[in-house]
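Residue numbers (the numbering used here), protein chains in the order written: chain L, 4 to 422; chain B, 734 to 1201; chain U, 1198 to 1489. For each residue, glycine too, the CB sits at the ideal point set by N, CA and C. Structure, as structure tokens:
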Amino acid sequence: MTSARPDSAGPVTASPPGTRWPARAAGRVRLPRQPLVRNLILLIAGAAFFYVLTTSVSTYNDFQIGEIALYAVVLAGLSLLTGHNGQFSLGHGAFMIVGGYTLALLQAYDPMNLALELVIATAAAAVAGVVVGMPAARLSAPYLAGVTLLLALALPQLAAQYGVFGGEQGLTTTPPIAPGSLNSQQWLAWIEILCALLVVLVLSNLLRSRFGRAFRAVRDDEVAAALSGIHVARTKVLAFSISAACAGLGGALLALSVGVVNTGEFPLSLSIALLAAMVLGGAGSLIGIWWGAVALVYMSTWATSLSKQLALGTSASAYLSDAIFGAVLIVAMLAAPTGIQGGVRWVLRRLWALVIGGPPTARAPGAQAAGGRAAGARASGREVAAASANAGSAGPAFADGSPTMQSTGPSRHTEEDRA
Amino acid sequence: MRRRGRRPVLYRSWVAVGAASVVLLAACGAGVGWTSGAGAASTTGVTKSSITIGATVPLTGPAAPGYSEIAPAMDAVFKWVNAHGGVYGRKIKYIYLNDKYDPSTTAKLTRKLVLTDHIFADVGSLGTPTDLAIQKYLHAEKVPHLFIESGCNCWSTSKYPEELGWQPPYTTDGKILGMYIKTHFPGKKIGELYQDTEFGKDFMKGIQMEVPASAIVSKQSYDVTTLAGAMTTQMAALQAAGAQVVAMATIPAATALAMLPAYAIGYTPQYVVDNVGADAPTVGPLLSSFTQLATKTSSKAAAAPGLLNGVITNIYMPAESTATNPWIKVEKAILEKYTTTTVWKKHGLDGNTEYGVALGYTFVQALQAAGKNLTRTSLMHALDTKAKSFHTPGLVPLRYSTKVHYGYMGSEVVQETTAAGTFKTPAGTWPSTKVLSPVYTTTTGRGPVKKYTGKVPSVPKALAKLAG
Amino acid sequence: MRLFVNVLLSGVAQGMVFAAIALGLVLISRATGVINFAQGAMAMFTTFLAYTLLEHGIGYWPAFVATLAIGFVFGGLVERTLMRPLQGKSPLNAVIVTIGLLVVLEGLAGSIWGNTSRGFPAAFSQQGLAIGTTRVAFSTFDVFTVGAVVVLVAAIVALFRWTNLGLRMRAGAFAPEVARLLGVRVGRLFTLGWALACAAGSLAGLLVAPVSSFSPYYMDLYLIYGFVAAVLGGLVSPVGALVGGLVTGLATAFVGGYLGSNLEPMAALVLLLIVLMARPQGLFGTAIARRV
């Protein structure tokens, strides 16, 4: 058990050059080099994919792809918080507000480089995340849900109280000016995509670092995590703050994309939709967030056209499209409890088994590369241990039941390090 | 939708004047709606036989009740026009999308309307925060942003020349009702109850321009996003402050939720309510079952004249209760014939459907005035120069000019009272309106409230035929 | 003084409604660990059914009883069809299903009954009671509201404490595996928990509808405050739900009455934070950490 002693206080250090695999036997788990390289390759592949996509579709689709990217940023943070740290926020819209207004205020009073503005907006949300996360660290999930729910309800009103935030009219933002002969919508979409890919890159590396392991250890068993030297409260606050920062960046991007930031833009229903989309994609999966983001952007359009085909009166068909939206959510959760990404992975694994003929392994689907385990929402540590043992992927297969420390410990780390 | 991406150029002059970004948009082509080409001028969204326009409105969600009927009522006017050959042979296609009153959804759907549906103009989008979220974008795309369904004082600026309000700005409502309070309730203690948004604040700005500050004894507000139930605390506070007249800037649901607890605590001030929240067939159903004992009546019980009776408000179009008014007859005929059964059967002619018909007809008049050679410039020009002669249902003509982009800026003060009789809608039976004042006009600024002496626009013959 | 009394009384009446919603949430949460976001929407739906019954000329009280019964069956059905397949999976999935259900029910209600706001009849007069010559903000209907909720909470407490069924329900909630081994049919108890919760929700729906603008969305904010009340009370205790509802109702009423209604959500947030800082498990919660 001494092998894994994630210390949340320490900096993320890469293993010395040349060490390609973590020296498990040596008693230290270090950030492996290889995933970083692979993630970079994936990043470039993703960028290339989006480049081709955005240049070959219409301007409106560019706008929507940009929206997908900005929601992916928010969902990435939420996915880290819930999937990896077991915290449960119903109010991430509140941090989007912080990011959005920070950006708008910066642009109004002290315009600077857009990248810098985005960084400051993200930082502001991170600070807000610390403030909320500190009391939140003491709370278990449903209580935290209550606090964050109220936060998402109360914060827009607070913003509406002060003239500096522009009241109901809010503040306008200035979209970035596209260089050369670029379409401005496309340029904005690229900025949003770049942000999303960077966030995914940073988070997937973070989740492989000692921080990531600390997050999961705290999620699985706080007592065991504390016993293995993790500062539980600090870890929870850190996770909360990181996810708030992501929401802040997403909020700032939304403000840019809409051109205006006002209190009506972040209703409580947005916060709830974010949570639903995150779980729908697959909690904890950095690939799953993209499914969730696609659902957020496109689902209402699909539901609307579907309900129109059912040819009802206008108001009835509008309501029906809402109902279809909800029904899809229910059916998806029942059919794929680990989210869309979990379902995709299951299918891929089956296909892999068919092609290779061997037993399915966790390594098989490339989808796993970006980090995050398949098992969407968190189960108890024991279930995870048992599941990974069943999957035959973890090194030492051990039965469940032994002290929780063991189940949170090295076995899953090795699985993830190899994945 | 058929794409109309690659059409010959429009607005050569704008291209010339427009900055590099505009050229970029054109160069990047598809979907933006105008690329260069030789030949005759043509306009996005306009063909020889059709005009495509769009809007974003709440069809579902907490803001939808009532307001979701406006767009179908507008569409009824267009259907009537189309059934009679359209405007200069062009039939109007109206695409209204559900934004649920969420500004970021409005922004997204408006881009869809502009980029993939290639609308000629955005006509009748609803809401202050929602329309604010698209004004910049529509300006950048040079899409006319017409007849915004909001009385915010923010629609008439030189910054956004394509933008036009339609209903009276809330401040003018406040000034006209404020002047009435000042002259008819001198020395009385005045209370305020307002929605804590531009709507309420702009209205109260108008009230405070007329009513002396010393007379206002209590200012209560509510937040529309967190308004769950009866506003007992606000009404109790107004009662405790001794307010004898309560000026209200409330949406219909809030009007009911204020009157209800006031009645419960035996507080019966004189209500002076902005027209937004005073329409009897809209507010009435919320109160109708209230004064009755549930055990004795069903929920579709007779109206509650007790609560709405005596409410003072202002109207800028003929009251629904004036069945003999030619405009009312025409509006009913259009709704009866050209809306889906749900709209007509459930609502009949109420404040929202009347609003929709009037707004739709305003657009038709604008198209007629713009002439056969329809472009965005010709439409805006017609609105800026000829709107005063439009025949629309307003009690005053439309005010549009190159400088002012508000529509109706006048109204008359009326009282809803059973003493004037009652009228029926599918939702129940309601007190009729009694006219208390002449028609007044005023401005959003400090300008005086003036009696309007000009003509009241009459019903054009083509429409009058419809009512038989 | 008059203002104080009126604010106090309206806070009590409001708080009781929050308590009824909180009670439903508590019943489901303690049995299955799930927060039922569809609690309000289910109540809305059954209340619309009651509205339909009333429109067809059925008397108020038969409709009232029928609605509670419909709520009971509806809750059981939801548990059987939607929640049961997710048992053993993460409770988060079940939470998302309830969010889906919320959206479905609001959409269905909108397409069936249309989107006008309307009035809904109350069981008794809503005219405030007269004390001397002045009327206070407390009507016969409010008396009924308080009475109905208190009776409901008392009945639930009695069920848990003094009946065999209640003992099994507590056992099933506390340690489902052990209870199952001891021959308790835990699945049925979960169904019963949902059924009871939704009957309580239906009651809340009938109590709220006359004092709000009755539309497919009228329960949304009540659900939020009901949830706050449940969390304040500790999420496991029916009495906690009652106290939590009362505290939430009074806090929002006083802040709304004296500081401004737009501060109500902020006030609820501050209250919640203060209580949870002192007692992270809520006022009546057990100290065992629960997880979602």
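Please look up how many angstroms separate the CB atoms of residue i and residue j, rounded, as I've assumed it's under 8 Å.
i	j	result
Leu1019 of chain B	Ser1314 of chain U	6 Å
Phe853 of chain B	Thr789 of chain B	Not confirmed; about 16 Å, so no contact.
Ser207 of chain L	Asn42 of chain L	5 Å
Gly924 of chain B	Val979 of chain B	5 Å
Ser1458 of chain U	Tyr955 of chain B	5 Å
Ala1216 of chain U	Ala1438 of chain U	5 Å
Ala1427 of chain U	Ala1210 of chain U	Between Ala1210 of chain U and Ala1427 of chain U the Cβ distance is about 19 Å, and since that is not below 8 Å, they are no contact.
Ile1067 of chain B	Trp899 of chain B	Incorrect: roughly 18 Å between the Cβ atoms, too far for contact.
Since residue i meets chain L, which of its residues come closer than 7 Å, beta carbon to beta carbon?
i	result
Ser837 of chain B	Leu257, Val261, Glu268
Tyr870 of chain B	Gly262
Phe1424 of chain U	Gly149, Leu152
Pro1435 of chain U	Residues of chain L passing the Cβ test: none, with the nearest at roughly 16 Å.
What are the boundary residues of the alpha helix (DSSP H) that includes residue i?
i	result
Thr965 of chain B	965-973
Met137 of chain L	117-139
Arg1332 of chain U	It is not in any alpha helix (DSSP H) - Arg1332 of chain U instead sits in the beta strand (DSSP E) that spans 1331-1336.
Asp65 of chain L	62-82
Trp193 of chain L	187-211
Taking C-alpha atoms, which residue in the options lies nearest to residue i?
i	options	result
Pro1171 of chain B	B:Val957, B:Val979, B:Thr1186	B:Thr1186
Ser837 of chain B	L:Leu257, L:Gln164, L:Ala276	L:Leu257
Val1006 of chain B	B:Leu1092, B:Thr1055, B:Tyr821, B:Met992	B:Met992
Ile47 of chain L	L:Leu201, L:Pro340, L:Ala286, L:Phe218	L:Leu201
Glu1149 of chain B	B:Ala995, B:Ala1052, B:Ala986, B:Ser801	B:Ala1052
Gln1323 of chain U	B:His817, B:Tyr996, B:Phe936, B:Thr1177	B:Tyr996
Tyr1139 of chain B	B:Ala866, B:Leu871, B:Cys887, B:Tyr829	B:Cys887
Val1294 of chain U	L:Trp355, L:Ile359, L:Gly329	L:Gly329
Ala181 of chain L	L:Thr175, L:Gly170, L:Ile194	L:Ile194
Pro179 of chain L	L:Met336, L:Thr58, L:Ile100, L:Ala107	L:Ala107
Lys826 of chain B	B:Gln868, B:Ser858, B:Val779, B:Ala797	B:Val779
Ala1397 of chain U	U:Tyr1414, U:Arg1377, U:Phe1271, U:Met1198	U:Phe1271
Gly267 of chain L	B:Ala806, B:Ala866, B:Leu1131, B:Ser858	B:Ala866
Pro1181 of chain B	B:Pro1059, B:Leu910, B:Thr965, B:Thr930	B:Leu910
Pro1435 of chain U	U:Arg1382, U:Met1213, U:Leu1299	U:Met1213
If the cut is a Cβ gap below 9 Å, which residues of chain U does residue i touch?
i	result
Phe328 of chain L	Gly1297, Val1300, Val1301, Gly1304
Lys934 of chain B	Those within 9 Å of Lys934 of chain B in chain U number zero; the least Cβ separation is about 12 Å.
Which chain U residues are close to residue i, counting only those with a beta carbon under 7 Å from its beta carbon?
i	result
Pro340 of chain L	Leu1283, Lys1286, Asn1290
Ala228 of chain L	Here the premise fails: no neighbours, minimum Cβ distance about 13 Å.
Could you pull the start and end residues of the beta strand (DSSP E) that residue i belongs to?
i	result
Met981 of chain B	978-982
Phe880 of chain B	878-881
Leu897 of chain B	896-898
Thr785 of chain B	783-790
Gln1211 of chain U	Here Gln1211 of chain U belongs to no beta strand (DSSP E); instead the alpha helix (DSSP H) covers 1199-1229.
Please compile the residues from chain L whose C-beta is within a distance smaller than 8 Å of the C-beta of residue i.
i	result
Pro862 of chain B	Glu171, Gln172, Gly173, Asn265, Thr266, Gly267, Glu268
Identify the contact partners of residue i in chain L, using a Cβ-Cβ distance below 9 Å as the criterion.
i	result
Leu1439 of chain U	None at all; the shortest Cβ gap to chain L is about 17 Å.
Residues of chain B with CB under 8 Å from residue i, in chain order?
i	result
Gly1311 of chain U	Thr1075, Lys1079
Below 8 Å on C-beta distance, what does residue i contact in chain U?
i	result
Tyr146 of chain L	Val1428, Leu1432, Leu1473, Pro1477, Gln1478, Gly1479
List the residues of chain B that residue i touches, going by C-beta distances under 9 Å, in chain order.
i	result
Leu1200 of chain U	Thr966, Ala969, Ala970, Gln972, Ala973, Ala974
Quick one: which residues of the region 941-958 of chain B get their C-beta closer than 7 Å to a C-beta of chain U? List them in chain order. Ser954, Tyr955, Asp956
Below 8 Å between beta carbons is the criterion; list the residues of the region 1314-1326 of chain U that meet it against any residue of chain B, in chain order. Ser1314, Arg1315, Gly1316, Phe1317, Pro1318, Ala1319, Ala1320, Phe1321, Ser1322, Gln1323, Gln1324, Gly1325
Near-chain L residues of the region 1052-1066 of chain B (beta-carbon distance less than 8 Å), N- to C-terminal order: none
When you check each C-beta in the region 58-89 of chain L against every C-beta of chain B, which residues fall closer than 8 Å? Ser61, Thr62, Tyr63, Phe66, Gln67, Glu70
Which residues, in order along the region 1214-1227 of chain U, keep a beta-carbon less than 7 Å from a beta-carbon of chain B? none
May I ask you to list, following chain order, the residues of the region 1440-1469 of chain U that have a beta carbon less than 7 Å from some beta carbon of chain L? Asn1459, Pro1462, Met1463, Ala1465, Leu1466, Leu1469
In chain order, what residues of the region 982-1000 of chain B put their CB closer than 9 Å to some CB of chain C? Looking for chain C here will not work: the only protein chains present are L, B and U.
Return the residues of the region 178-210 of chain L that lie within a Cβ-Cβ distance of less than 8 Å from chain U, sorted by chain order. none
Residues in the region 297-325 of chain L having any Cβ partner in chain B nearer than 9 Å: Val300, Ser303, Thr304, Thr307, Gly316, Thr317, Ser318, Ala319, Ser320, Ala321, Tyr322, Ser324, Asp325
Residues of the region 873-901 of chain B whose Cβ lies closer than 9 Å to any Cβ of chain L, in chain order: Ala873, Cys885, Cys887
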